[in-house]
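One structure below.
In my numbering, the protein residues as written are 48 to 238.
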């Protein structure tokens, strides 16, 4: 019976850690600059376009165009281990609601017009991520008579994610690179 007491007894180590707040400067440089400007002047000056670009990076809605085995890794990146929702990436079922298309897998000649049609239905500004060797350049089926040798021959591609199949981490990294690209570029729609 004396053994049971030792098994159930609480540990003698103090597990409570002191709450140490990390300064905003170390957390995020951009947020620190804005916080400093607000405290100094009481307001923030920026361009509306930069504000829109910043908002677009935090709310990307991809249209998933999964054609083969890479689509499994794409689905894997939305699950709890990688959780793309924390980056504001929420998949949409309709091209009219999305601004990013993720092409994952082998694109055949028969499927190419459908890919272009879906891309044309997406509102501006729109971006394309090519995921996997088959979508990037034909992959294993490069010399097949029925395979398009890269989806960039059908739609303009912004980010290439290499691999056969690429890991979910690679897709997350590609999405983060797309967010950086959106912040760098002018995404205004000139009419």
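Note that beta-carbon positions come from the ideal geometry of N, C-alpha and C, so glycine has one too.
So, using beta-carbon positions, are residue i and residue j closer together than 8 Å?
{"i": "residue 181", "j": "residue 192", "result": "no"}
{"i": "residue 137", "j": "residue 176", "result": "no"}
{"i": "residue 210", "j": "residue 196", "result": "no"}
{"i": "residue 109", "j": "residue 165", "result": "no"}
{"i": "residue 139", "j": "residue 229", "result": "no"}
{"i": "residue 107", "j": "residue 113", "result": "no"}
{"i": "residue 213", "j": "residue 116", "result": "no"}
{"i": "residue 153", "j": "residue 204", "result": "no"}
{"i": "residue 174", "j": "residue 225", "result": "yes"}
{"i": "residue 162", "j": "residue 202", "result": "yes"}
Does the ligand NAP have a heavy atom nearer than 7 Å to the CB of residue i?
{"i": "residue 86", "result": "The ligand NAP is absent from the structure shown, which contains no ligands of any kind."}
Is it right to say residue i is buried, meaning 16 or more other beta carbons lie within 10 angstroms of its own, or is it exposed?
{"i": "residue 151", "result": "buried"}
{"i": "residue 118", "result": "buried"}
{"i": "residue 83", "result": "exposed"}
{"i": "residue 86", "result": "exposed"}
{"i": "residue 126", "result": "exposed"}
{"i": "residue 170", "result": "exposed"}
{"i": "residue 168", "result": "exposed"}
{"i": "residue 144", "result": "exposed"}
{"i": "residue 141", "result": "exposed"}
{"i": "residue 96", "result": "exposed"}
{"i": "residue 190", "result": "exposed"}
Restricting to Cα atoms, I'd like to know which of the options is closest to residue i.
{"i": "residue 178", "options": "172, 164 and 199", "result": "199"}
{"i": "residue 215", "options": "202, 161, 172 and 129", "result": "129"}
{"i": "residue 133", "options": "111, 105 and 202", "result": "105"}
{"i": "residue 231", "options": "206, 88, 101 and 76", "result": "101"}
Curious, which full-length beta strand (DSSP E) runs of at least 3 residues does the stretch 116 to 182 contain? Correct list: 147 to 151 and 174 to 178.
Between the stretch 153 to 165 and the stretch 207 to 222, are three or more C-beta pairs nearer than 8 Å? The stretch 153 to 165 vs the stretch 207 to 222: no contact.
Hey, which unbroken runs of the beta strand (DSSP E) at 3 residues or more fall wholly within the stretch 190 to 216? The stretch 190 to 216 contains, as complete beta strand (DSSP E) runs of 3+ residues, the segments 206 to 208 (chain order).
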